[in-house]
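Structure, as structure tokens:
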Amino acid sequence: MKRIAILGSTGSIGTQTLQVIADNADKFEAFALTAYNNADLLIEQALKFRPKYAVMVKEENYPTVSEALKGTCTTVLSGIQSVCNVVEMNEVDMVLTAMVGYAGLKPTISALQKGKTIALANKETMVVAGDLMCRLQKQFGSKILPVDSEHSAIFQCLEGERHNEVEKILLTASGGPFRTKNIDYLRTVSAADALRHPNWNMGAKITIDSASMINKGFEVIEAKWLFGVDVKNIEVTVHPQSIVHSAVQFADGSIKAQLGVPDMKLPIAYALTYPNRVPNNYNRVNLFDLGSLTFEKPDLRKFRNLALAYKSIEMGGNAPCILNAANEVANEAFRQGKIGFLQMSDVIEHALDTIPHIATPTYQDYVQTDSETRKLIGLH
0 MKRIAILGST GSIGTQTLQV IADNADKFEA FALTAYNNAD LLIEQALKFR PKYAVMVKEE
60 NYPTVSEALK GTCTTVLSGI QSVCNVVEMN EVDMVLTAMV GYAGLKPTIS ALQKGKTIAL
120 ANKETMVVAG DLMCRLQKQF GSKILPVDSE HSAIFQCLEG ERHNEVEKIL LTASGGPFRT
180 KNIDYLRTVS AADALRHPNW NMGAKITIDS ASMINKGFEV IEAKWLFGVD VKNIEVTVHP
240 QSIVHSAVQF ADGSIKAQLG VPDMKLPIAY ALTYPNRVPN NYNRVNLFDL GSLTFEKPDL
300 RKFRNLALAY KSIEMGGNAP CILNAANEVA NEAFRQGKIG FLQMSDVIEH ALDTIPHIAT
360 PTYQDYVQTD SETRKLIGLH
């Protein structure tokens, strides 16, 4: 029985992880559940899955959760430090990190320092501090298994191929809801428009990131660190059907791709059961029904956020941390109607050009960079 700590259990990835656990109750136990704000759903999950710990990060919601779970087998804690304490516990076999954004950095570091296996769904951790994550993984003998569908696909394509030279990673992108629209159209789109993703059912923040294609920029950065591939050898290709989740081209020209329906339960299950695959009743790809699969180059002029992600990679150091913090603020401001869709790029570019660059940042540098960037933008 593998005991899982799920960081962000009330979000899209967290809820689907619990579905996978419920489908494989003989293999997995939800040892700990954590949520930032959704007290009602955390209570519901704790009553159903009976974890040993439930952590409400937003401390003002702690009394509600504590009262609801009084007399159960679940101990209720609060605050981000409690999340860190839980992932360090000896009973935890795997930590699935599905917290949204920069908030996932500190507990992921805590888990790595205890040699835990990480099922990584919080790409921002690798974006902000990929170099640090890789060093900690090596130092403490931790393991990082990717959960993002694209990185899971790359990981699966590399299985049995580690001795072979990788020529190129082909990172697929759906193109989001605005793939066929022009820039003039994007000037007036609303958050509701951007949240209508054609293929994937995700949380609000990542859905907006997908619409602006900065999410794909984040995934390029994550792939660089996870697989040790130079960014110039990572190619983004727009694949609107979202069936090919990514591919790897090897030195002999051969390409291996991983295909599946756009359903996050598949990569979640693979990370939880790796190196094994367990049978399930999830939807299957029917090649005869597909008709055709298409691939396009991304439009970096229209999707300037993706271009800015590449700019941050070229700058290196703390620049991706600046990128992430600026995007988190701009994304939220757009969802609240404070700025327009295209203005998100202006906010991010201003931050990249203004915040001091640090070539070899420490953890404290990342913390300070994140704070300074949010303060600079001031859109909260």
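Each residue of the sequence shown is one higher than the last, beginning at 0 in numbering that gives the first Met the number 0. No residue lacks a Cβ here, since even glycine has one placed at the ideal position from N, Cα and C.
Check, Outcome
"Could you give the uninterrupted runs of the alpha helix (DSSP H) lying entirely in the region 43 to 73, keeping only those of 4 residues or more?", "61 to 67"
"Determine the DSSP secondary structure at V243, reduced to helix, strand or coil.", "strand"
"Would you mind working out which of G129, K215 and Q367 sits nearest L299, comparing C-alpha positions?", "K215"
"Taking 9 Å as the threshold (C-beta atoms), are P319 and I220 in contact?", "yes"
"Along the chain, which unbroken stretches of the alpha helix (DSSP H) at least 4 residues long are found entirely within the region 114 to 169?", "122 to 139 and 148 to 157"
"Decide if V412 is buried, meaning its Cβ has at least 16 other Cβ atoms within 10 Å, or exposed.", "Because the chain in this structure spans residues 0 to 379, residue 412 falls outside the shown range and cannot be described."
"Please list the terminal residues of the continuous beta strand (DSSP E) segment that includes V94.", "M93 to T96"
"Please report the straight-line C-alpha distance between I108 and L135, rounded to a whole angstrom.", "8 Å"
"Who are the Cβ neighbours of Q18 in its own chain at under 7 Å, not counting the five residues just before and after it?", "K264"
"Considering only their Cβ atoms, is the gap separating H238 from T171 smaller than 9 Å?", "yes"
"Measure the CB-CB distance between L185 and A246 and report whether it falls below 9 Å.", "no"
"When burial is assigned at 16 or more other CB atoms within 10 Å of the CB, is H162 buried or exposed?", "exposed"
"Across which residues does DSSP place V346 in a beta bridge pair?", "DSSP lists no partner for V346."
"Run through the DSSP bridge pairs and tell me what T33 is partnered with.", "L6 and V54"
"Report yes or no: do three or more beta-carbon pairs, one from the region 194 to 211 and one from the region 275 to 285, lie closer than 8 Å?", "no"
"Classify V91 as buried or exposed, calling it buried when 16 or more other Cβ atoms lie within 10 Å of its own Cβ.", "buried"
"CB-CB under 6 Å to T116, same chain, minus the five flanking residues each way: which ones, in chain order?", "M93 and K142"
"Am I right that V86 and A110 are in contact with their C-beta atoms under 8 Å? What's the rounded C-beta distance?", "4 Å"
"If I follow the unbroken alpha helix (DSSP H) through T368, where does it start and stop?", "Y362 to I376"
"Taking the CB atoms as reference points, tell me whether A329 and I376 lie closer together than 9 Å.", "yes"
"Would you kindly report the start and end of the unbroken alpha helix (DSSP H) that includes V230?", "First-last for V230: undefined, no H or E at that position."
"With distance defined between alpha-carbon atoms, name the residue in T272, G259, V165 and S189 nearest to D229.", "V165"
"For A358, I'd like the list of residues in its chain whose CB is within less than 6 Å of its CB, leaving aside the five on either flank, ordered along the chain.", "G316"
"Taking K122 as the reference, give the member of D352, K26, E158 and I12 with the closest Cα.", "I12"
"Flag this pair as yes or no: are the beta carbons of I182 and L305 separated by less than 9 Å?", "no"
"From what residue to what residue does the beta strand (DSSP E) around L258 run?", "I254 to L258"
"Please determine if the region 247 to 260 and the region 332 to 351 are in contact, where contact requires at least 3 C-beta pairs separated by less than 8 Å.", "no"
"Kindly list the residues whose CB is nearer than 7 Å to the CB of E58, restricted to its own chain and excluding five residues on each side of it in sequence; keep chain order.", "S77 and G78"
"Please report how far the alpha carbon of T16 lies from the alpha carbon of Q335, in whole angstroms.", "29 Å"
"Mapping the DSSP letters down to three states, classify T359 as helix, strand or coil.", "coil"
"Please report the residue range of the alpha helix (DSSP H) in which A308 lies.", "R303 to M314"
"Measuring alpha carbon to alpha carbon, tell me which of W199, Y101 and R303 ends up nearest M212.", "R303"
"According to DSSP, what are the bridge partners of K105?", "According to DSSP, which records beta bridges pairwise, K105 is partnered with nothing at all."
"Within 10 angstroms of its Cβ, does P274 collect 16 or more other Cβ (buried), or is it exposed?", "exposed"
"In terms of alpha-carbon separation, which member of Y309, L32, D288 and D352 lies closest to V75?", "L32"
"By the three-class DSSP mapping on this structure, what secondary structure does E221 have?", "helix"
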